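Worksheet: the structure to be examined is printed underneath.
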Amino acid sequence: MRVLVVEDERKLAEVLASALQHESHEVVVAPTGARGFERASTEPFDLIVLDLMLPGCSGLEILQHLRQRQNDTPVLILTARDGVDDRVLGLDLGADDYLVKPFALPELLARVRALLRRGRPSTALRLKTADLELDVVTRRASRGTRALDLTVREFELLEYLLRHQGDLVSREMLAREVWKEPRRATPLDNVIDVQMARLRRKVDADAGERLIHTIRGVGFVLREGEP
Amino acid sequence: MIPRWSAASIRVQLTGRYAVVLCLMLAAYAVATFVAVRHEFFEQLDEQLLEEAETAEGLLRPTAEGRVAPAADRHHDGDGDEDRGYDVWSSDDRLLYRSGADFALPPAPARPSSPSLRYESVDAAGHAVRVLTRTATVGGHPVALRVFRSEDRLRVQLGEVLSVLVLGFPLVIVVAGVAGYVLARRALAPIDHLSSEARRITAERLHQRLSVPNQRDEIGRLAAVINDAFARLDASFGQLRRFTADASHELRTPLAVIRSIGEAGLGETRTPAEYKQAMGSMLEEVDRLTGLVDTLLRLSYGDAGTVRLAREAVNLGQLTREVAASLSVLAEERNQRFELAAPDVVIDADRLVLREAMMNVLDNAIRYSPPSSTIVIHVGAETGQAAVTVTDEGPGIAPEYRDRIFDRFFRLDEARSRDSGGTGLGLAIAKWAVEIHGGRLSVAAGVHGGSVFRIAVPMHAISSAGARPL
Chain A
2 MRVLVVEDER KLAEVLASAL QHESHEVVVA PTGARGFERA STEPFDLIVL
52 DLMLPGCSGL EILQHLRQRQ NDTPVLILTA RDGVDDRVLG LDLGADDYLV
102 KPFALPELLA RVRALLRRGR PSTALRLKTA DLELDVVTRR ASRGTRALDL
152 TVREFELLEY LLRHQGDLVS REMLAREVWK EPRRATPLDN VIDVQMARLR
202 RKVDADAGER LIHTIRGVGF VLREGEP
Chain B
240 MIPRWSAASI RVQLTGRYAV VLCLMLAAYA VATFVAVRHE FFEQLDEQLL
290 EEAETAEGLL RPTAEGRVAP AADRHHDGDG DEDRGYDVWS SDDRLLYRSG
340 ADFALPPAPA RPSSPSLRYE SVDAAGHAVR VLTRTATVGG HPVALRVFRS
390 EDRLRVQLGE VLSVLVLGFP LVIVVAGVAG YVLARRALAP IDHLSSEARR
440 ITAERLHQRL SVPNQRDEIG RLAAVINDAF ARLDASFGQL RRFTADASHE
490 LRTPLAVIRS IGEAGLGETR TPAEYKQAMG SMLEEVDRLT GLVDTLLRLS
540 YGDAGTVRLA REAVNLGQLT REVAASLSVL AEERNQRFEL AAPDVVIDAD
590 RLVLREAMMN VLDNAIRYSP PSSTIVIHVG AETGQAAVTV TDEGPGIAPE
640 YRDRIFDRFF RLDEARSRDS GGTGLGLAIA KWAVEIHGGR LSVAAGVHGG
690 SVFRIAVPMH AISSAGARPL
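Protein sequences, first through last, are from chains A and B. Take any residue in the first sequence, note its place counting from 1, add 1, and you have its number in our numbering. Take any residue in the second sequence, note its place counting from 1, add 239, and you have its number in our numbering.
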């Protein structure tokens, strides 16, 4: 997949490019709005990651011009402003998603995957990793032969981890997706840690292999083997 | 014209206005005086004419030639004959007698029929002459007796009166203006004093106050008002200073940690596991910084009044139960118990903003309550207002801190709350979130020790709260 990254901050652009390349995408970086618009309107891309605050030409203008030219490449907006109006404006002008800086890289990758219709969280009703199984319909989970006694919240948390198995999941993503809290830095961060610790006790205790891993400073990942 | 006035000092303005009012009053007074004096002069003149007419009538006798003449002119003093005189006319307009000044009066006097007296001012070849015409009978014949006097002297006198009035006018205005200016300056001197005193009180000397010589007079009240403003300014400067100091501490600490971890990590070669460890701890600090910056920005949007609420019907009871359920794991970790009485109360509010307030208040209660204690959460509604109270069994808050705990970064227990991950902004955010709903967040002492936090919000949006639905 070809991804265009329009970002003037060189370090950030490099990190984004290398992370996206790591996910096997072909990445083109445009350091200015004008260059970005030029590339976007002359070459085919599967996704555009667009910074809103660019020298010379704002990201919103680029987006507007692209959409006026019937270019409907998915656009993920990056913004340092989290005023509601900016978001609404961006989404109104045809952005497909947005992230507020400073964002967590795993979250950006998750959004990119979702926008590329790849790695979309499965809608399967039975989820499985190693000997961990979860049935969305009967709301039962088991590890090997042992049934797990989960609270409603623990079940939702495990379901989310299973649907994103193998991917890093940040506290922010969990707060928004599982607890439906769009704001960062709320008392929920502590709640998430406690819930995760409890879930891990239930899932990984008495089991040979640990499945839920904490990546310090980043978040959590559910996968077989070392993270 | 108002801008030009407003550029001048109050002293000059007062003097100017005073002078204008005085001018108008003086002008009215002068006109009235002149009119009265003129009327009085003419009345005197007319009286003299009448007297002379009566004297002449008494003296006149018919002569042999069919004319008339005074019988004996012994009363006639001859003085002023050049500006007065009289004549007598027969009923067929023949001049029968003339004495004194010979003005170029019209030859035939208009014969007054009724009333038998007539006063008039006549212009006789450049002379204004006052004329009294009356009917009389001399020797059985009806005649017209005409007495006249020049108005010249009267007009000269009137002119003198007028010139006194006109010439005195500017003099009085100047004197009054100067006096007014001096008076205004004296009256306004305390204000000048006040302003030079106030000027000395700057941001560095905000604790100083203006001296108030007399509390009761206008100046005293003004000084008291200014002192009040200084006190409030002093308080907010103090708050700002504390906030700046606290914010720099809170922001610099994680930066210092990140920096030293980075420097230490690069100092010597380490194992990949150690590098991962170092980066993880840097990221934790970044998380803390991100949280701080987000919260501070949200508070500053709140300060700037740019936050708009997305109001909808919110069941406060249900929201409370949800928040309690979310945070119950934190309480369970500390063996604390919730006692929840949250009936359904539907209010008009921004669900997410209100939830944040409740979450922070409840989180605060959990944080500061001892293990194995009970936290009582109660939802109630009374006239137009819904309230959530959170009662804890913590150590309570000393009265002097009850207002300050909502200040940004204010902490009762420095070490403990920082270690437990609090930003010191939770209650500040909660207070903002409640107040933007037009509500009030307060804290009081509990009956059995501990604290009672009370979130009170109007059930329906108050339009003046400045928050419009999105």
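Ideal Cβ positions, reconstructed from N, Cα and C, are used throughout, including at glycine. Since we're looking at a predicted model, the values are computed, not measured.
- Shown here, B:Pro301 sits in a strand according to DSSP, grouped into three states.
- Across the stretch 177-193 of chain A, CB contacts with chain B closer than 8 Å involve Trp180, Glu182, Pro183, Arg184, Arg185, Ala186, Thr187, Pro188, Leu189, Asp190, Asn191, Val192, in sequence order along the chain.
- In this structure B:Leu335 is in contact with B:Val382, their Cβ atoms being roughly 6 Å apart against a cut-off of 8 Å.
- By the rule that beta-carbons nearer than 7 Å mark a contact, B:Met597 does not touch chain A.
- Nearest Cα to B:Tyr257 within the set B:Val400, B:Ser329, B:Val421: B:Val421.
- Within chain A, the residues whose beta carbon sits less than 8 Å from that of B:Thr534 are Ala186, listed in sequence order.
- When B:Ile614, B:Ser611, B:Gly633, B:Ile586 are compared, the shortest CA-CA separation from B:Thr622 is found for B:Ile586.
- Interface criterion met: the Cβ of B:Val568 is under 7 Å from a Cβ in chain A.
- As computed with DSSP, B:Gly544 is found in no beta bridge at all.
- Proximity of A:Arg164 to chain B, defined by a Cβ-Cβ separation below 7 Å, is not satisfied.
- Under a 10 Å Cβ-count criterion, A:His23 is classified as exposed, with fewer than 16 other Cβ atoms of the shown protein chains found around its own Cβ.
- Nearest to B:Leu569 by alpha-carbon distance, out of A:Glu225, A:Leu175, A:Asn191, A:Ala198, is A:Asn191.
- Within the stretch 401-464 of chain B, complete beta strand (DSSP E) segments of at least 3 residues are not found at all.
- By the criterion of a C-beta distance shorter than 6 Å, A:Met2 is surrounded in its chain by His26, Asp47, Leu117, once the five residues flanking it on both sides are discounted.
- Here DSSP, grouped into helix, strand and coil, assigns A:Asn72 to coil.
- A distance below 7 Å separates the beta carbons of B:Gly339 and B:Arg323.
- Listed in chain order, the alpha helix (DSSP H) elements of length 4 or more contained wholly in the stretch 125-199 of chain A are 153-164, 172-178.
- In the DSSP assignment, B:Leu664 falls outside any beta strand (DSSP E), carrying neither H nor E.
- Contact note: A:Pro107 does not reach chain B at a C-beta cutoff of 7 Å; the least C-beta distance is about 11 Å.
- Contact of B:Leu555 with chain A by beta-carbon distance below 8 Å is absent, the smallest such distance being about 17 Å.
- Around the Cβ of B:Ala367, a 10 Å sphere holds fewer than 16 other Cβ atoms; the residue is exposed.
- Distance from B:Gln575 to B:Ser520 at the Cβ level is roughly 30 Å; contact not present, criterion being Cβ atoms closer than 8 Å.
- Counting along the chain, the unbroken beta strand (DSSP E) around B:His380 starts and ends at 380-389.
- Under DSSP, B:Asp341 takes part in no beta bridge, so it has no partner.
- With a threshold of 7 Å between beta carbons, A:Pro103 makes contact with chain B.
- Note: B:Thr613 is bridge-paired with B:Arg576 in the DSSP secondary-structure output.
- For the stretch 196-221 of chain A, residues whose beta-carbon sits nearer than 8 Å to a beta-carbon of chain B comprise Gln196, Arg199, Ile216, Arg217, Gly218, Val219.
- The three-state secondary structure of B:His278, taken from DSSP, is helix.
- For B:Leu494, none of the residues of chain A pass the 9 Å Cβ criterion, the least Cβ distance being about 14 Å.
- About 30 Å separates the CB atoms of A:Leu100 and A:Leu133; that is not less than 8 Å, and the two are not in contact.
- Across the structure, A:Ala105 and A:Val219 are spaced so that their CA atoms are roughly 7 Å apart.
- Rounded to whole angstroms, the gap between the alpha carbons of A:Glu15 and A:Leu5 is 12 Å.
- For the pair B:Thr374 and B:His278, the Cα-to-Cα distance works out to about 25 Å.
- Among the CB atoms of chain A, one or more fall inside 7 Å of the CB of B:Leu522.
- Only residues of its own chain outside the window of five on either side were considered, and among them Ala423 have a CB closer than 6 Å to the CB of B:Leu253, listed in chain order.
- For B:Ser565, a Cβ of chain A is located within less than 7 Å of the residue's own Cβ.
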